[in-house]
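**Q** The sequence shown begins at 1 in the UniProt record's numbering and counts up one residue at a time.
Quick reminder that beta carbons are idealized off the backbone N, C-alpha and C, glycines included.
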Amino acid sequence: MAMFLHFGPNTFTNSEWGTGKADPSVFNPTHLNATQWVQIVKDSGFSRVILTAKHHDGFCLWPSEYTDYSVKSSPWRSGAGDVVAELASATAAAGIGLGLYLSPWDRHDGSYGKTLEYNEFYLSQMTELLTK
Numbered sequence: 001m002a003m004f005l006h007f008g009p010n011t012f013t014n015s016e017w018g019t020g021k022a023d024p025s026v027f028n029p030t031h032l033n034a035t036q037w038v039q040i041v042k043d044s045g046f047s048r049v050i051l052t053a054k055h056h057d058g059f060c061l062w063p064s065e066y067t068d069y070s071v072k073s074s075p076w077r078s079g080a081g082d083v084v085a086e087l088a089s090a091t092a093a094a095g096i097g098l099g100l101y102l103s104p105w106d107r108h109d110g111s112y113g114k115t116l117e118y119n120e121f122y123l124s125q126m127t128e129l130l131t132k
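See the structure below:
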């Protein structure tokens with residue numbers, strides 16, 4: 001079984017659907033503890049976890065080089081935080097598999113809908129997630 005974690009600005013705005021317009025400053029999980037998440041995953045009998053690294057609102061849970069709409073523009077850890085890296089480290093240490101969801105829809109980025117331009121943007125972000 002896999003546990004799916006959906007976490008982002010909507011967690012702090014109490015919104016069902018993100019518009020891509022939430023101020024990054026709303027993202028401030030001051031008590032985030034990825035090791036605790038993974039322990040709950042493990043204790044609940046799951047063998048892997050999937051994180052929504054970027055949902056359709058376009059907010060990235062890692063400091064993407066391709067947009068400022070990410071954790072690097074939030075007050076969390078003074079803009080130096082990386083939810084993806086912290087979860088990757090915690091899952092590796094616990095022997096839990098990790099999957100990442102990268103939404104193909106991005107309501108924040110202006111290139112969405114411009115096929116060639118957006119495909120380049122999307123593939124660049126996918127490469128970041130797979131290689132860093």
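Where does isoleucine 40 sit, in a helix, a strand or coil, going by DSSP?
**A** Looking up residue 40 in the sequence shown gives position 40. Helix at isoleucine 40.
**Q** Could you give the DSSP three-state label for lysine 54: helix, strand or coil?
**A** On the sequence shown, position 54 is the one that residue 54 refers to. Residue state, collapsed to three classes: strand.
**Q** Measuring CB to CB, does leucine 102 end up less than 8 Å from lysine 54?
**A** Walking along the sequence shown from the start, residue 102 turns up at place 102. Walking along the sequence shown from the start, residue 54 turns up at place 54. Yes, the pair counts as a contact, with Cβ atoms nearer than the cut-off.
**Q** Pick out the complete alpha helix (DSSP H) segments inside the region 56 to 112, 4 residues or longer, and give them in chain order.
**A** Whole alpha helix (DSSP H) segments, 4+ residues: 83 to 94.
**Q** Suppose the cutoff is 8 Å on Cβ atoms and the five residues either side in sequence are ignored; what does the same chain contact list for phenylalanine 46 look like?
**A** Start at 1 with the first residue of the sequence shown, and residue 46 comes out as number 46. Result list for phenylalanine 46: Met1, Ala2, Met3, Ile96, in chain order.
**Q** Does the distance from the CB of histidine 31 to the CB of tryptophan 105 come in under 8 Å?
**A** In the sequence shown, counting from the first residue as 1, residue 31 sits at position 31. In the sequence shown, counting from the first residue as 1, residue 105 sits at position 105. No; because the gap between Cβ atoms is not below 8 Å, this pair is not in contact.
**Q** Do the CB positions of valine 83 and tryptophan 62 come within less than 8 Å of each other?
**A** Taking the sequence shown and counting its residues from 1, one reaches residue 83 at position 83. Taking the sequence shown and counting its residues from 1, one reaches residue 62 at position 62. Yes, the Cβ-Cβ distance between valine 83 and tryptophan 62 is below 8 Å.
**Q** Go ahead and pull the three-state DSSP assignment for methionine 126.
**A** As a first step, residue 126 is located in the sequence shown; it is residue number 126 there, counting from the start. Three-state result, methionine 126: helix.
**Q** Any idea if tryptophan 76 is buried or exposed, counting beta-carbon neighbours within 10 angstroms, 16 or more meaning buried?
**A** By 1-based counting over the sequence shown, the position of residue 76 is 76. Buried: at least 16 other Cβ atoms inside 10 Å.
**Q** What is the DSSP secondary structure of leucine 116, reduced to helix, strand or coil?
**A** Residue mapping note: residue 116 aligns to position 116 of the sequence shown, counting from 1. Residue state, collapsed to three classes: helix.
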